[in-house]
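Comments concern the structure below.
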Amino acid sequence: MLTRIAKLLSFIRTSSNDAKVNDVEIDIGGGDNRTAQHFSAPGDDSFPLTTDYVLAADVPRNGSKAAHGYLDPINEGIAQEGEKRVYGRDPANGTPVNQVWLKSDGSVLISNDNGSVLLNADGGSIATTPGGTFEAKADGSIKGDNGSGSFELDASGIFNVNGATIDTAGVITSPVSVNAPTVAATGAGASLTVSGKEMKGHTHSQGNDSAGDSQVNTSGPV
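Counted from 1, the sequence shown has number 154 at position 155 by numbering that gives the first Met the number 0; the numbering is strictly sequential.
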(Lines of atoms letter the chains of each structure in order from A; the text may use other names.)
(Lines give C-alpha, C1' and ligand atoms only; values in the text may rest on other atoms or scores of the structure.)
Protein backbone atom coordinates (compact mmCIF):
# COMPACT_ATOMS: atom_id res chain seq x y z
CA MET A 0 0.00 0.00 0.00
CA LEU A 1 1.46 3.32 -1.10
CA THR A 2 1.14 6.23 1.30
CA ARG A 3 1.63 9.84 0.20
CA ILE A 4 1.81 13.24 1.85
CA ALA A 5 -0.37 15.58 -0.19
CA LYS A 6 -1.67 19.15 -0.16
CA LEU A 7 -5.32 19.61 0.77
CA LEU A 8 -7.33 21.42 -1.90
CA SER A 9 -10.90 21.00 -0.66
CA PHE A 10 -13.03 19.13 1.88
CA ILE A 11 -16.60 18.27 0.82
CA ARG A 12 -19.37 16.67 2.87
CA THR A 13 -21.43 14.33 0.69
CA SER A 14 -23.09 10.89 0.56
CA SER A 15 -22.10 7.56 -0.94
CA ASN A 16 -24.48 4.57 -0.97
CA ASP A 17 -26.59 6.28 1.73
CA ALA A 18 -23.52 6.75 3.95
CA LYS A 19 -22.48 10.22 5.07
CA VAL A 20 -18.90 10.69 3.88
CA ASN A 21 -16.32 13.42 3.35
CA ASP A 22 -14.48 13.68 0.05
CA VAL A 23 -11.04 15.23 0.15
CA GLU A 24 -9.49 16.67 -3.00
CA ILE A 25 -5.72 16.53 -2.76
CA ASP A 26 -2.65 17.39 -4.83
CA ILE A 27 -0.18 14.53 -4.54
CA GLY A 28 2.48 16.55 -6.37
CA GLY A 29 3.07 18.14 -9.72
CA GLY A 30 -0.56 19.16 -10.13
CA ASP A 31 -1.72 15.52 -9.93
CA ASN A 32 -5.05 16.03 -8.19
CA ARG A 33 -6.94 13.10 -6.70
CA THR A 34 -10.07 12.61 -4.62
CA ALA A 35 -9.73 10.64 -1.40
CA GLN A 36 -12.28 9.63 1.19
CA HIS A 37 -11.79 10.98 4.70
CA PHE A 38 -11.59 8.52 7.60
CA SER A 39 -11.32 9.31 11.32
CA ALA A 40 -12.44 7.92 14.67
CA PRO A 41 -16.22 7.71 15.26
CA GLY A 42 -17.41 10.84 17.07
CA ASP A 43 -14.55 12.93 15.70
CA ASP A 44 -16.11 15.64 13.52
CA SER A 45 -13.20 17.69 12.17
CA PHE A 46 -13.04 19.99 9.14
CA PRO A 47 -9.42 20.63 8.04
CA LEU A 48 -8.16 23.81 6.36
CA THR A 49 -6.68 24.05 2.89
CA THR A 50 -3.38 25.03 4.51
CA ASP A 51 -3.14 21.52 5.99
CA TYR A 52 -1.21 18.54 4.64
CA VAL A 53 -2.92 15.18 4.18
CA LEU A 54 -1.65 11.65 4.69
CA ALA A 55 -3.37 9.59 2.00
CA ALA A 56 -3.01 5.92 1.24
CA ASP A 57 -3.93 3.86 -1.82
CA VAL A 58 -6.75 1.38 -1.38
CA PRO A 59 -7.34 -1.66 -3.60
CA ARG A 60 -10.18 -0.10 -5.52
CA ASN A 61 -9.22 1.24 -8.94
CA GLY A 62 -6.57 3.61 -7.66
CA SER A 63 -8.80 5.33 -5.08
CA LYS A 64 -7.31 6.79 -1.93
CA ALA A 65 -8.21 7.20 1.75
CA ALA A 66 -7.23 10.27 3.78
CA HIS A 67 -6.56 9.25 7.36
CA GLY A 68 -4.34 11.93 8.83
CA TYR A 69 -3.70 15.68 8.68
CA LEU A 70 -0.90 18.03 9.66
CA ASP A 71 -1.33 21.67 10.71
CA PRO A 72 1.89 23.28 9.41
CA ILE A 73 1.16 26.71 10.90
CA ASN A 74 0.68 26.18 14.64
CA GLU A 75 3.23 24.54 16.90
CA GLY A 76 1.84 22.01 19.35
CA ILE A 77 2.07 22.84 23.06
CA ALA A 78 0.65 19.68 24.67
CA GLN A 79 3.16 17.88 26.86
CA GLU A 80 3.89 14.19 27.33
CA GLY A 81 0.72 12.23 28.05
CA GLU A 82 -1.60 15.15 27.22
CA LYS A 83 -4.23 15.75 24.55
CA ARG A 84 -5.28 19.14 23.23
CA VAL A 85 -8.05 19.90 20.72
CA TYR A 86 -8.36 23.38 19.22
CA GLY A 87 -10.53 25.23 16.71
CA ARG A 88 -9.04 27.58 14.13
CA ASP A 89 -10.04 30.73 12.30
CA PRO A 90 -10.44 29.71 8.62
CA ALA A 91 -9.13 33.12 7.48
CA ASN A 92 -5.64 32.66 8.92
CA GLY A 93 -5.50 29.33 10.75
CA THR A 94 -5.06 30.97 14.15
CA PRO A 95 -6.38 28.91 17.12
CA VAL A 96 -9.49 30.53 18.64
CA ASN A 97 -10.38 28.03 21.40
CA GLN A 98 -9.18 24.80 22.99
CA VAL A 99 -9.92 21.83 25.19
CA TRP A 100 -6.74 20.70 26.93
CA LEU A 101 -6.55 17.42 28.85
CA LYS A 102 -3.46 17.83 31.01
CA SER A 103 -1.24 15.17 32.48
CA ASP A 104 -1.77 16.43 36.05
CA GLY A 105 -5.47 15.47 35.81
CA SER A 106 -6.79 18.97 35.14
CA VAL A 107 -8.89 20.03 32.15
CA LEU A 108 -8.77 23.52 30.60
CA ILE A 109 -11.45 24.90 28.27
CA SER A 110 -10.64 28.38 26.99
CA ASN A 111 -10.92 30.99 24.27
CA ASP A 112 -9.63 34.56 23.95
CA ASN A 113 -12.30 35.89 26.34
CA GLY A 114 -12.51 33.39 29.16
CA SER A 115 -11.76 29.95 30.54
CA VAL A 116 -13.01 27.14 32.74
CA LEU A 117 -10.37 25.13 34.60
CA LEU A 118 -11.29 21.83 36.25
CA ASN A 119 -8.54 21.01 38.74
CA ALA A 120 -7.37 17.48 39.42
CA ASP A 121 -8.97 17.61 42.90
CA GLY A 122 -12.42 18.45 41.44
CA GLY A 123 -12.36 22.18 42.17
CA SER A 124 -12.97 24.60 39.32
CA ILE A 125 -12.27 28.20 38.33
CA ALA A 126 -14.33 30.11 35.75
CA THR A 127 -12.84 33.32 34.35
CA THR A 128 -14.78 35.89 32.30
CA PRO A 129 -13.83 39.38 31.04
CA GLY A 130 -15.58 40.84 34.09
CA GLY A 131 -14.71 38.53 36.94
CA THR A 132 -13.89 35.11 38.38
CA PHE A 133 -15.79 32.36 40.15
CA GLU A 134 -14.03 29.60 42.05
CA ALA A 135 -15.52 26.45 43.58
CA LYS A 136 -12.94 24.55 45.63
CA ALA A 137 -12.89 20.85 46.37
CA ASP A 138 -13.46 21.55 50.10
CA GLY A 139 -16.92 23.03 49.32
CA SER A 140 -15.98 26.70 49.58
CA ILE A 141 -16.88 29.08 46.77
CA LYS A 142 -15.68 32.56 45.87
CA GLY A 143 -16.64 35.24 43.35
CA ASP A 144 -15.02 38.55 42.42
CA ASN A 145 -15.81 41.10 39.71
CA GLY A 146 -13.31 43.80 40.67
CA SER A 147 -15.97 45.98 42.32
CA GLY A 148 -17.11 43.52 44.94
CA SER A 149 -16.63 39.96 46.14
CA PHE A 150 -18.27 37.17 48.09
CA GLU A 151 -17.03 33.98 49.69
CA LEU A 152 -18.74 31.01 51.30
CA ASP A 153 -16.09 29.12 53.23
CA ALA A 154 -16.08 25.42 53.98
CA SER A 155 -17.50 26.00 57.48
CA GLY A 156 -20.61 27.72 56.07
CA ILE A 157 -19.72 31.33 56.94
CA PHE A 158 -20.71 33.73 54.14
CA ASN A 159 -18.73 36.91 53.55
CA VAL A 160 -19.89 39.57 51.10
CA ASN A 161 -17.80 42.74 50.76
CA GLY A 162 -16.63 42.34 54.38
CA ALA A 163 -20.04 41.70 55.99
CA THR A 164 -20.42 38.15 57.31
CA ILE A 165 -23.35 35.85 57.97
CA ASP A 166 -22.61 32.87 60.20
CA THR A 167 -24.38 29.52 60.12
CA ALA A 168 -26.86 30.72 62.78
CA GLY A 169 -27.83 33.70 60.60
CA VAL A 170 -25.98 36.31 62.67
CA ILE A 171 -24.91 39.24 60.45
CA THR A 172 -21.76 41.19 61.30
CA SER A 173 -20.77 44.34 59.43
CA PRO A 174 -17.36 46.04 59.82
CA VAL A 175 -18.91 49.45 59.08
CA SER A 176 -22.66 49.95 59.45
CA VAL A 177 -26.09 48.54 58.64
CA ASN A 178 -28.54 50.89 56.95
CA ALA A 179 -32.22 49.97 56.96
CA PRO A 180 -35.55 51.86 57.18
CA THR A 181 -36.63 49.55 60.02
CA VAL A 182 -34.65 47.54 62.55
CA ALA A 183 -36.82 45.22 64.62
CA ALA A 184 -36.20 42.49 67.18
CA THR A 185 -38.94 39.90 66.93
CA GLY A 186 -39.72 36.52 68.46
CA ALA A 187 -39.69 35.19 71.98
CA GLY A 188 -36.83 36.63 74.00
CA ALA A 189 -35.74 38.86 71.14
CA SER A 190 -33.47 41.77 72.01
CA LEU A 191 -31.80 44.68 70.27
CA THR A 192 -28.46 46.12 71.38
CA VAL A 193 -27.33 49.58 70.22
CA SER A 194 -23.86 50.87 71.11
CA GLY A 195 -23.61 48.27 73.82
CA LYS A 196 -26.99 49.18 75.40
CA GLU A 197 -29.81 46.65 75.61
CA MET A 198 -32.99 48.26 74.31
CA LYS A 199 -35.42 45.78 75.86
CA GLY A 200 -37.08 47.51 78.86
CA HIS A 201 -34.72 50.45 78.45
CA THR A 202 -35.83 53.95 79.54
CA HIS A 203 -34.12 57.20 78.66
CA SER A 204 -34.02 60.71 80.11
CA GLN A 205 -35.55 63.75 78.50
CA GLY A 206 -34.46 67.36 79.12
CA ASN A 207 -37.30 69.70 80.11
CA ASP A 208 -35.80 72.75 81.79
CA SER A 209 -33.66 75.70 80.84
CA ALA A 210 -30.60 74.29 82.58
CA GLY A 211 -30.67 71.25 80.38
CA ASP A 212 -31.29 68.91 83.26
CA SER A 213 -33.16 65.76 82.43
CA GLN A 214 -35.74 63.57 84.02
CA VAL A 215 -36.49 59.89 83.62
CA ASN A 216 -38.87 59.19 80.79
CA THR A 217 -41.59 56.95 82.16
CA SER A 218 -43.44 56.58 78.91
CA GLY A 219 -42.15 53.04 78.51
CA PRO A 220 -39.39 51.16 76.83
CA VAL A 221 -37.88 52.34 73.55
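Every residue, glycine too, gets a C-beta built ideally from N, C-alpha and C.
Keep in mind that this is a model prediction, so the values were computed, not measured.
### Task
Would you mind reading off the limits of the beta strand (DSSP E) that contains Gln36?
First-last of the beta strand (DSSP E) with Gln36: 32 to 37.
#### Entry: Sequence-distant residues of the same chain with beta carbon closer than 8 Å to Thr128, five excluded per side
Answer for Thr128: Asn113, Gly114, listed in chain order.
#### Entry: Separation of Val160 from Gly148, as counted between CA atoms
When the Cα atoms are used, Gly148 and Val160 turn out to be separated by approximately 8 Å.
### Task
Would you mind stating whether Val96 and Arg88 have Cβ atoms separated by less than 8 Å?
If you check the CB distance, Val96 and Arg88 come in under 8 Å.
### Message
Taking the alpha carbon of Gly93 as the reference point, which residue from Phe46, Ile73, Ala78 has its own alpha carbon closest?
### Response
It is Ile73 whose Cα lies nearest to the Cα of Gly93.
### Task
Measuring alpha carbon to alpha carbon, tell me which of Tyr86, Val170, Asn145 ends up nearest Glu75.
Comparing Cα positions, the closest option is Tyr86.
### Query
Given Thr49, which residues of its chain have a CB within under 6 Å of its CB, disregarding the five upstream and five downstream residues?
Here the set comprises Leu7.
### Message
Assuming the contact rule is C-beta atoms closer than 8 Å, Val58 and Ile25 should be a hit. Round their C-beta distance to whole Å, please.
### Response
Rounded to the nearest angstrom, the Cβ distance from Val58 to Ile25 is 14 Å, too far for a contact under 8 Å.
### Query
Could you check where the beta strand (DSSP E) with Thr132 kicks off and where it finishes?
Its beta strand (DSSP E) spans residues 131 to 135.
### Task
Within 10 angstroms of the Cβ of Ala18, are there 16 or more other Cβ atoms? Answer buried if so, exposed if not.
It counts as exposed.
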